[in-house]
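The block underneath contains the structure these notes are about, expressed in structure tokens.
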Amino acid sequence: MLCTGLFSLGCGHSGGTSNLLPPTVNNTLPITVNAGPAGNYADGAFTSVKICLPNSTTCQTINGILVDTGSVGLRLLASAVTVNLADQTSGTSTVGECLPFSGFYTWGPVANADVKLAGETASNIPIQLINASGFAAAPSACTSQGLSAVNTVNDLGANGILGVGIYNHDCGAGCTATTNNPNLYYSCTSSSCTAMNQPLTNQVQNPVSLFAHDNNGVIISLPSISASGAPTVNGSLIFGIGTQADNGLGSATIFATDTSGNISASYQGTKYSNSYIDSGSNGYFFLDSSTTSLPACSLNTGFYCPTNPTTFSVTLTGSNTSSGNLSFSIGNADALFGSSDTAYDDLGGPNPNSFDFGLAFFFGRKVYTAINGASTPGGTGPYWAY
Amino acid sequence: MFPMPRTGIKRWMFLLAGLCLCQVSAHASLGGAAASVRLDQQQLHGRLVMQTVQGIQIARLTTPAGIEIREYIAAGKVFGLAWRGPWLPNLRQLLGPYFSLWQAQAKKLPPRRGPFLIETHGLTISIAGRPRSFTGMAYLRSDFPRSFQARQLGFHSPAGMAR
Numbered sequence: 002m003l004c005t006g007l008f009s010l011g012c013g014h015s016g017g018t019s020n021l022l023p024p025t026v027n028n029t030l031p032i033t034v035n036a037g038p039a040g041n042y043a044d045g046a047f048t049s050v051k052i053c054l055p056n057s058t059t060c061q062t063i064n065g066i067l068v069d070t071g072s073v074g075l076r077l078l079a080s081a082v083t084v085n086l087a088d089q090t091s092g093t094s095t096v097g098e099c100l101p102f103s104g105f106y107t108w109g110p111v112a113n114a115d116v117k118l119a120g121e122t123a124s125n126i127p128i129q130l131i132n133a134s135g136f137a138a139a140p141s142a143c144t145s146q147g148l149s150a151v152n153t154v155n156d157l158g159a160n161g162i163l164g165v166g167i168y169n170h171d172c173g174a175g176c177t178a179t180t181n182n183p184n185l186y187y188s189c190t191s192s193s194c195t196a197m198n199q200p201l202t203n204q205v206q207n208p209v210s211l212f213a214h215d216n217n218g219v220i221i222s223l224p225s226i227s228a229s230g231a232p233t234v235n236g237s238l239i240f241g242i243g244t245q246a247d248n249g250l251g252s253a254t255i256f257a258t259d260t261s262g263n264i265s266a267s268y269q270g271t272k273y274s275n276s277y278i279d280s281g282s283n284g285y286f287f288l289d290s291s292t293t294s295l296p297a298c299s300l301n302t303g304f305y306c307p308t309n310p311t312t313f314s315v316t317l318t319g320s321n322t323s324s325g326n327l328s329f330s331i332g333n334a335d336a337l338f339g340s341s342d343t344a345y346d347d348l349g350g351p352n353p354n355s356f357d358f359g360l361a362f363f364f365g366r367k368v369y370t371a372i373n374g375a376s377t378p379g380g381t382g383p384y385w386a387y
Numbered sequence: 686m687f688p689m690p691r692t693g694i695k696r697w698m699f700l701l702a703g704l705c706l707c708q709v710s711a712h713a714s715l716g717g718a719a720a721s722v723r724l725d726q727q728q729l730h731g732r733l734v735m736q737t738v739q740g741i742q743i744a745r746l747t748t749p750a751g752i753e754i755r756e757y758i759a760a761g762k763v764f765g766l767a768w769r770g771p772w773l774p775n776l777r778q779l780l781g782p783y784f785s786l787w788q789a790q791a792k793k794l795p796p797r798r799g800p801f802l803i804e805t806h807g808l809t810i811s812i813a814g815r816p817r818s819f820t821g822m823a824y825l826r827s828d829f830p831r832s833f834q835a836r837q838l839g840f841h842s843p844a845g846m847a848r
């Protein structure tokens with residue numbers, strides 16, 4: 002008997018198939034690597050999300066959402082949202098959030114919505130609305146980090162960020178109490194904001210961990226591309242690890258992350274312990290020009306521009322002691338960006354503190370991201386595997 | 686009115702910029718006096734431990750939110766910073782007069798996502814990571830002690846002195 006789609010609920014019981022198997026829901030969201038909704042992106046994977054007023058059929062689908070395994074939670078440009086979501090409140094105030102990324106921050110109110118991705122639903126979950134009109138300005142603790150605000154589709158290069166990383170909550174225990182609070186959440190009037198404690202259930206959360214099924218992690222699957230790049234690449238964001246026929250671990254190597262959510266990358270005898278895999282970064286970011294002998298680009302600041310493609314070999318080590326060698330190549334970003342391509346498997350730039358394996362790393366692979374505390378056939382998350 | 690010669694304007698602006706740097710650096714860390722790490726400790730509500738490694742003073746500051754900051758001091762001056770933690774420290778405080786120089790340069794960069802490395806006005810700053818895990822460093826290369834190298838600032842091994 003075929004058990005598919007909406008008709009699968011209870012199928013395991015009525016159809017006589019194994020009771021151990023969960024119902025089969027559509028767990029695959031198409032993703033596309035292209036220039037994004039602002040037409041200014043290189044190596045970004047975009048998808049569509051459907052949001053609804055909680056427990057209603059008042060819904061909206063928003064495209065051009067960046068798929069980010071480096072962060073947690075759904076953040077949408079308020080200007081892209083047409084359904085009238087209610088802001089989260091604290092007493093008579095509205096809850097706002099400042100979330101830092103590498104180079105920018107998102108600021109705006111928290112609101113609740115049903116989030117629907119493929120056949121999966123996260124019901125009534127907190128999300129962030131970026132740059133909501135009429136909302137108080139970002140407080141000084143937010144702007145004193147020195148990052149740039151992203152307020153428009155041009156700033157962000159996307160209509161929002163779908164954070165499907167290794168955590169359940171975007172902040173975690175630190176934001177729940179005064180003692181160690183990093184002050185991400187604020188209680189806001191129309192004109193000013195005060196830092197507040199935010200219980201875990203009210204924090205912006207990973208929609209995947211709140212699905213009824215396929216909630217232990219995600220897989221990003223992208224095909225190989227040529228070294229010269231590709232104009233557009235289609236792939237999949239698959240929910241669940243080892244929960245359905247289409248999301249098994251296969252022969253992937255598991256790299257457990259440490260207590261900071263990182264793994265180690267060793268290069269020529271030096272161990273960079275704050276390294277990570279992140280679909281929300283464009284390319285391979287590692288070392289600097291003096292260490293790699295890769296010259297900086299003259300046109301595209303922040304990327305490497307070798308005359309000829311250059312290959313690097315590193316050893317990755319997880320906190321579970323598994324290790325694996327990884328080779329990758331870095332091309333000339335000025336030349337790559339000079340074409341009409343938007344997808345590159347050899348884009349790189351400097352980062353002296355760690356190795357960041359961005360979207361360039363994901364081509365030709367299935368990359369698994371397992372959520373903290375979630376049970377999978379490869380052990381309990383958090384981990385990355387490929 | 687006489688047009689002011691271009692070189693004259695430049696020299697005048699340069700002097701003014703220098704004046705501003707000197708004035709502010711008395712209160713701020715990077716480029717400031719060794720004692721300015723005490724002010725950082727107050728502003729960031731941190732725990733401070735001083736140590737000396739290979740003749741370089743290192744102020745080890747830990748904030749309540751768990752951000753580890755290292756300030757490197759030689760010849761009585763803070764010449765470098767490194768940090769690591771779940772979030773970013775108050776860089777307006779730590780960078781002092783260099784904060785606005787970095788901001789001005791950052792606005793000129795093409796949009797990109799991921800770690801960045803910016804060099805401007807003698808300042809080098811890099812930030813990497815994502816929510817719940819960041820690393821970064823900022824330094825004034827011209828103030829490095831003899832034979833000191835930038836990679837000694839980081840938390841990685843074996844070269845990093847910050848571990």
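First to last, the sequence lines map onto chains U and L.
Numbering-wise (my numbering), the first sequence opens with residue 2 and increments by one.
Numbering-wise (my numbering), the second sequence opens with residue 686 and increments by one.
The beta-carbon is built from N, C-alpha and C at its ideal position, and this holds for glycine as well.
Please confirm whether U:LEU100 has its beta-carbon closer than 8 Å to some beta-carbon of chain L.
Yes, because at least one Cβ of chain L sits closer than 8 Å to the Cβ of U:LEU100.
Are the segment 274 to 284 of chain U and the segment 791 to 806 of chain L in contact at 8 Å, needing three or more beta carbon pairs?
yes
Using the Cβ count rule (16 or more neighbours within 10 Å means buried), how would you classify U:LYS367?
buried
In chain U, which residues lie less than 9 Å from L:ARG732 when you measure between Cβ atoms?
Ordered by position in chain U, no residue passes the 9 Å Cβ test against L:ARG732, which lies about 12 Å from the chain.
How would you write the range of the beta strand (DSSP E) that U:ALA257 sits in, first residue to last?
255 to 257
Is the Cβ-Cβ distance between U:THR90 and U:ALA137 less than 8 Å?
no
What alpha helix (DSSP H) runs, 4 residues minimum, are completely inside the segment 753 to 817 of chain L?
776 to 780 and 783 to 791
Taking CB distances under 8 Å as the criterion, tell me whether L:ALA789 reaches chain U.
no
Among U:LEU295, U:ILE131 and U:TYR273, which residue has its Cα nearest to the Cα of U:GLY350?
U:LEU295
Mind pulling the chain U residues with CB within less than 7 Å of L:MET846?
In chain order: nothing, as chain U lies at least about 13 Å away.
Assuming U:VAL151 contacts U:THR107 (C-beta within less than 8 Å), just tell me the rounded distance between them.
6 Å
Contact between the segment 171 to 178 of chain U and the segment 214 to 221 of chain U: three or more CB pairs below 8 Å?
no
Between the alpha carbons of U:GLN129 and U:VAL219, how many angstroms are there, rounded?
21 Å
Quick one: list the residues of chain U neighbouring L:GLY751, beta-carbon separation under 9 Å, in chain order.
Here the neighbours are GLY175, ASN181 and PRO183.
Taking a cut of 8 Å between CB atoms, which residues from the segment 815 to 833 of chain L lie near chain U?
ARG815, PRO816, ARG817, SER818, PHE819, THR820, GLY821 and MET822
List the residues of chain U whose Cβ lies closer than 7 Å to the Cβ of L:GLY672, in chain order.
There is simply no residue 672 of chain L to check, as chain L begins at 686 and stops at 848 in what is shown.
Taking 8 Å as the CB-CB limit, is L:LEU773 close to chain U?
True, the Cβ-Cβ gap to chain U drops below 8 Å.
At 9 Å on the CB atoms, spell out the chain L contacts of U:VAL73, in chain order.
Those are PRO816 and ARG817, listed as they occur along chain L.
Starting from U:LEU157, follow the alpha helix (DSSP H) in both directions and report where the run begins and ends.
154 to 157
Look at the Cβ atom of U:THR312, then the Cβ atom of U:SER328, and state whether they are nearer than 8 Å.
yes
So what does U:LEU317 bridge to, in DSSP terms?
U:ALA266 and U:GLY325
For L:ARG732, list the residues DSSP reports as bridge partners.
Beta-bridge pairing by DSSP links L:ARG732 to L:THR747.
Quick one, are the C-beta atoms of U:GLY382 and U:ILE221 less than 8 Å apart?
8 Å or more divides the Cβ of U:GLY382 from the Cβ of U:ILE221.
Any C-beta of chain L within less than 7 Å: which residues of the segment 288 to 306 of chain U qualify?
Within the segment 288 to 306 of chain U, the qualifying residues are ASP289, ASN301, THR302 and GLY303.
So which residues of chain L does U:TYR168 contact, with C-beta pairs closer than 7 Å?
Here the neighbours are ARG817.
In whole angstroms, what separates the C-alpha of U:LEU337 from that of L:GLY740?
46 Å
Using a Cβ distance threshold of 8 Å, determine whether the segment 786 to 795 of chain L contacts the segment 72 to 80 of chain U, with at least three qualifying pairs required.
no
What residues match up with U:TYR277 in a beta bridge as DSSP calls it?
U:ASP357
Quick check: U:ASN275 and L:THR820, are their CB atoms within less than 8 Å of each other?
yes
Does U:TYR345 come within less than 8 Å of chain L when only Cβ atoms are used?
no
When the Cβ atoms of the segment 762 to 782 of chain L are set against those of the segment 821 to 828 of chain L, are three or more pairs found closer than 8 Å?
These segments touch.
Taking the runs of the alpha helix (DSSP H) that are 4 residues or longer, which of them lie wholly in the segment 204 to 248 of chain U?
none
Considering just the uninterrupted stretch of the alpha helix (DSSP H) at U:THR144, what are its terminal residues?
141 to 144
With a threshold of 6 Å on Cβ separation, who are the neighbours of U:ILE162 within its own chain once the five nearest residues in sequence on each side are excluded?
LEU67, ASP69 and ARG76
Could you pull the start and end residues of the beta strand (DSSP E) that U:PHE286 belongs to?
285 to 288
Which class does U:ARG76 belong to by DSSP, given the choice of helix, strand or coil?
strand
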